[in-house]
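**Student:** A single structure is presented below for examination.
Chains as they are written, first to last, in this note's numbering: chain A, 325 to 885; chain B, 26 to 230.
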């Protein structure tokens with residue numbers, strides 16, 4: 325085999341790309357994994373992982389200079405000193421906002437798997453059927469049963485901690501022991517359950533932070549430092565680096581090439597198959613061609629769509645997969661930043677030890693069972709209870725020893741939760757290539773034209789009010805509802821730009837994540853999602869990727885690709 | 026798990042077959058020398074003295090022991106907008122003037138009681154001024170970089186800025202976090218019903 329020939333190429337090294345590389349190499353394929361950004365080696369390159377707050381010159385604050393360099397990132401929490409350099413350079417990688425869109429990108433090996441929220445939930449049966457039942461967008465070409473064994477499979481390897489709560493709305497999986505709720509959360513959970521007669525549940529968050537070590541994978545359980553985003557030297561949470569990349573490397577079948585911007589997928593229109601990819605070396609600007617039998621596109625939802633739009637344009641103006649008219653459309657995210665907080669009386673003799681990198685979860689209860697609202701779908705909550713530390717406000721104190729003493733002791737308990745709502749797929753919500761603007765490498769950039777619409781806006785009212793009602797029913801005090809406003813993208817859950825479906829006329833991918841117009845091209849990141857559910861999506865990308873990889877290898881063997 | 030085993034696991038290498046090199050991953054923001062801040066050593070001493078009035082040494086160390094002045098200089102230089110920098114620096118002069126007017130001495134020559142009296146008066150004035158400007162009280166304990174250059178929000182009273190910087194720089198310092206608050210680098214487990222008795226310190230983070 326020549327140097328530039330591989331069995332498979334994986335574009336991207338984040339959550340789904342890492343899974344594609346692991347599955348394909350373990351099945352014996354020679355795989356080239358292409359990553360547009362720099363390499364980050366597990367442990368060795370986690371340069372801040374053992375630093376403390378006082379080791380940072382600005383004590384983790386974003387400087388005004390950083391705000392100038394990251395005008396998008398500064399809109400929300402991710403811009404800080406600890407993770408500086410872990411988000412895509414906004415000057416080198418511009419995009420156009422027809423409407424405001426906050427795009428938080430991780431351009432490095434591991435992608436956003438190093439920087440994710442780690443909450444891991446399965447879609448439920450209804451999530452796969454709702455589009456069809458309600459006449460929204462198109463039907464998923466698969467059902468829960470198609471994905472369930474693959475959820476089992478990826479949960480076991482990734483290491484997901486959580487309880488088996490026995491709720492249809494949030495299917496149970498193969499879990500390590502859950503991270504515990506604290507005493508206040510347990511108490512509030514019991515009160516809410518009673519007040520709402522068992523229809524609303526506060527459960528332990530299910531998270532890709534391990535509570536049991538996996539010595540066979542070189543991974544230690546979570547040490548409760550809550551420094552996940554610095555890269556965990558214990559391998560305590562799932563990332564490409566801690567989990568899928570070592571497994572892929574172990575096979576000896578993987579070649580990882582950082583600084584490789586995939587410019588286009590090369591397409592043979594007679595065979596209707598992709599033959600490889602053209603790559604720009606991000607450092608030297610030289611171009612290379614790599615050939616392969618199959619290609620997994622895992623560049624993150626928007627960049628995967630960008631790559632398809634930029635490919636086979638001699639056959640279709642809109643690029644590979646555009647024959648459906650749906651490529652780049654149906655953008656979804658989870659809308660959030662709305663919820664409530666309250667104070668909790670009592671529990672003065674209780675505190676917490678350890679910094680739990682998770683919290684509680686409230687599974688969806690709206691439009692579920694007999695509940696019926698004036699909007700479709702629903703939302704879940706993520707939250708936590710804690711005692712305030714030195715950041716609590718003591719308005720009545722001036723300066724001196726009394727102030728110091730007051731801030732040195734924990735305050736009372738507070739609890740808060742934020743809703744994450746499902747966003748409906750809508751053809752009008754789209755991204756497209758803007759050929760008048762180019763990035764540092766002369767490539768056209770994406771333009772974003774996305775907004776939340778009536779269904780989401782109606783839902784947001786419940787998202788705030790229901791949180792307040794639950795705290796009220798639990799007997800809490802000083803209840804405050806809030807809506808901090810949401811702009812698409814802030815959920816960092818981009819989805820839908822190359823959806824799966826049953827018909828090549830209305831979908832980009834089939835039920836095995838194959839591009840209808842090039843069956844040896846698989847898209848298994850957020851782009852493939854036909855609807856969004858309201859649960860955090862990454863676990864589903866993992867499962868769909870493993871499922872598609874097995875199918876791809878079988879199809880290769882059958883000579884169909 | 027024993028610490029030694031943990032270290033062994035940390036040291037375990039991942040076999041990599043790689044083309045291409047590593048660039049700087051998590052970018053290290055370099056320490057900021059005082060000469061880059063526009064503040065002098067004398068300024069830092071003054072800020073430390075002022076900080077010590079807000080967070081004094083008691084049976085635990087105070088602001089001066091944490092050298093809050095130096096960190097304050099860096100945050101004012103890099104994390105403040107020009108308008109806030111101006112407000113803050115004018116405020117320091119204002120404190121100097123008030124010291125002379127009210128006590129006939131430089132701030133540094135005031136007794137501990139006089140300094141505390143002056144700052145408590147300024148704190149009351151600051152709260153009233155902020156209230157009149159619609160600025161919330163909790164600003165004191167929030168982050169000093171919360172203002173953007175294009176913000177149209179009103180600027181807090183200078184004493185609020187001084188107090189906020191002192192609290193932030195103190196409680197995020199090693200002295201503040203480990204000698205005044207409690208901090209465990211590697212907790213190892215979570216206990217959601219950890220016993221607490223009055224007087225126990227809060228966790229630093």
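Note that CB positions come from ideal geometry on N, CA and C, so glycine has one too.
#1: Examine chain A for any beta-carbon lying closer than 8 angstroms to the beta-carbon of residue 183 of chain B, and answer yes or no.
#2: Quick check on residue 70 of chain B: does DSSP put it in helix, strand or coil?
#3: Hey, does residue 92 of chain B have any beta-carbon neighbour from chain A nearer than 8 angstroms?
#4: Run through the DSSP bridge pairs and tell me what residue 220 of chain B is partnered with.
#5: Could you tell me the distance, in whole angstroms, from the CA atom of residue 54 of chain B to the CA atom of residue 99 of chain B?
#6: Between the stretch 667 to 678 of chain A and the stretch 837 to 848 of chain A, can you find at least three pairs of beta-carbon atoms closer than 8 angstroms?
#7: Mind the definition here: the stretch 91 to 109 of chain B touches the stretch 197 to 205 of chain B only if three or more C-beta pairs lie below 8 angstroms; say whether that holds.
#8: Would you mind giving the Cβ-Cβ distance between residue 584 of chain A and residue 438 of chain A, rounded to the nearest angstrom? I have them listed as a contact below 8 angstroms.
#9: Given that a residue counts as buried once 16 or more other Cβ atoms are within 10 Å of its Cβ, and exposed if not, what is residue 405 of chain A?
#10: Which residues does DSSP list as the beta-bridge partners of residue 525 of chain A?
#11: Is any beta-carbon of chain B found at less than 8 angstroms from that of residue 732 of chain A?
#12: Compare the C-beta of residue 226 of chain B with all C-beta atoms of chain A and state if any pair is closer than 8 angstroms.
#13: In angstroms with no decimal places, state the Cα-to-Cα distance between residue 407 of chain A and residue 533 of chain A.
#14: The alpha helix (DSSP H) with residue 477 of chain A in it runs from where to where?
#15: Taking 7 angstroms as the line, does the beta carbon of residue 869 of chain A fall inside it for any heavy atom of the ligand SAH?
#16: Would you list the residues sitting across from residue 737 of chain A in a DSSP beta bridge?
#17: Start and end of the alpha helix (DSSP H) containing residue 769 of chain A?
#18: On the DSSP bridge list, what partners appear for residue 806 of chain A?
#19: Kindly confirm or deny that the stretch 496 to 516 of chain A and the stretch 705 to 713 of chain A touch, where touching means at least three C-beta pairs closer than 8 angstroms.
#20: What three-state label does DSSP hand residue 416 of chain A in the structure shown?
#21: Which same chain residues, not among the five before or five after residue 910 of chain A, have their C-beta less than 7 angstroms away from its C-beta?
#22: Tell me the residue span of the alpha helix (DSSP H) that contains residue 894 of chain A.
#23: Considering Cα atoms alone, identify which of A:520, A:366, A:778, A:333 is closest to residue 601 of chain A.
#24: Return the first residue and the last residue of the beta strand (DSSP E) that residue 206 of chain B is part of.
#25: Which residues in the same chain as residue 658 of chain A place their Cβ atom closer than 6 angstroms to its Cβ, once the five residues preceding and following it in sequence are excluded?
#26: Can you look up residue 48 of chain B in the DSSP assignment and give me helix, strand or coil?
#27: Let me check one thing: in DSSP terms, what residues is residue 704 of chain A bridge-paired to?
#28: Can you find the residues in the same chain that come closer than 7 angstroms, C-beta to C-beta, to residue 582 of chain A, ignoring five residues on each side of it along the sequence?
#29: Only counting the same chain, and skipping five residues up and downstream in sequence, which positions put a Cβ closer than 7 angstroms to that of residue 699 of chain A?
#30: From the DSSP output, which residues share a beta bridge with residue 421 of chain A?
#31: I think residue 442 of chain A touches residue 531 of chain A, with their Cβ atoms under 8 angstroms apart; what is that distance to the nearest whole Å?
#32: Can you list, in chain order, the residues of the stretch 63 to 76 of chain B whose Cβ is nearer than 7 angstroms to any Cβ on chain A?
#33: Could you work out which residues of chain A lie near residue 213 of chain B, taking near to mean beta carbons separated by less than 8 angstroms?
#34: Taking Cβ to Cβ, would you say residue 145 of chain B is nearer than 8 angstroms to residue 723 of chain A?
#35: Give the single residue among A:477, A:330, A:429 whose Cα lies nearest to the Cα of residue 863 of chain A.
#36: Using the Cα positions of residue 730 of chain A and residue 135 of chain B, report the straight-line distance between them to the nearest angstrom.
**Tutor:** If we stick to the structure as given:
#1: For residue 183 of chain B, no CB of chain A lies under 8 angstroms from its own CB, so it is not counted at the interface with that chain.
#2: In the three-state DSSP reduction, residue 70 of chain B falls in the helix class (H, G or I).
#3: False, the Cβ-Cβ gap to chain A never drops below 8 angstroms.
#4: Answer by DSSP bridge pairing, in chain order: A:674.
#5: Those two C-alpha atoms are separated by around 13 angstroms.
#6: Touching, no.
#7: Contact between the stretch 91 to 109 of chain B and the stretch 197 to 205 of chain B is present, with at least three C-beta pairs closer than 8 angstroms.
#8: For residue 584 of chain A against residue 438 of chain A, the beta-carbon gap comes to about 18 angstroms, at or over 8 angstroms, which does not count as contact.
#9: Burial state of residue 405 of chain A is buried, judged by a 10 Å Cβ sphere holding 16 or more other Cβ atoms.
#10: The partner list for residue 525 of chain A (beta bridge, DSSP) is empty, contrary to what the question assumes.
#11: Yes, its Cβ sits closer than 8 angstroms to a Cβ of chain B.
#12: Interface residue, yes.
#13: Answer to the nearest angstrom: the Cα atoms are 19 angstroms apart.
#14: In the DSSP assignment, residue 477 of chain A falls within the alpha helix (DSSP H) that extends over 468 to 482.
#15: With respect to small molecules bound, the structure shown includes none, and the ligand SAH cannot be examined in it.
#16: Beta bridge pairing from DSSP links residue 737 of chain A with A:668, A:711.
#17: No alpha helix (DSSP H) contains residue 769 of chain A, which is instead part of the beta strand (DSSP E) from 768 to 773.
#18: Bridge partners of residue 806 of chain A: A:663.
#19: Enough Cβ pairs lie closer than 8 angstroms, so yes.
#20: Three-state result, residue 416 of chain A: coil.
#21: Since the displayed chain A opens at 325 and closes at 885, residue 910 of chain A lies outside it and no answer follows.
#22: Since the first and last residues shown for chain A are 325 and 885, residue 894 of chain A lies out of range.
#23: Among A:520, A:366, A:778, A:333, the Cα nearest to that of residue 601 of chain A belongs to A:333.
#24: In the DSSP assignment, residue 206 of chain B falls outside any beta strand (DSSP E), carrying neither H nor E.
#25: Cβ neighbours of residue 658 of chain A beyond the five flanking positions: 744, 815, 817.
#26: Because residue 48 of chain B carries a pLDDT of 48, less than 50, the predicted location of this residue cannot be relied on, and no value is offered for it.
#27: In the DSSP assignment, the residues bridged to residue 704 of chain A are A:744.
#28: Once the five neighbours on either side are set aside, the close Cβ partners of residue 582 of chain A are 359, 361, 362, 363, 433.
#29: Cβ neighbours of residue 699 of chain A beyond the five flanking positions: 779, 782, 783.
#30: BP columns for residue 421 of chain A point to A:772.
#31: Cβ-Cβ separation between residue 442 of chain A and residue 531 of chain A: approximately 5 angstroms, consistent with a contact (criterion under 8 angstroms).
#32: The stretch 63 to 76 of chain B vs chain A, Cβ under 7 angstroms: nothing.
#33: The answer, in chain order, is 547, 548, 678.
#34: Yes.
#35: For residue 863 of chain A, the closest of A:477, A:330, A:429 by C-alpha to C-alpha distance is A:477.
#36: Residue 730 of chain A and residue 135 of chain B have their alpha carbons spaced roughly 26 angstroms apart.
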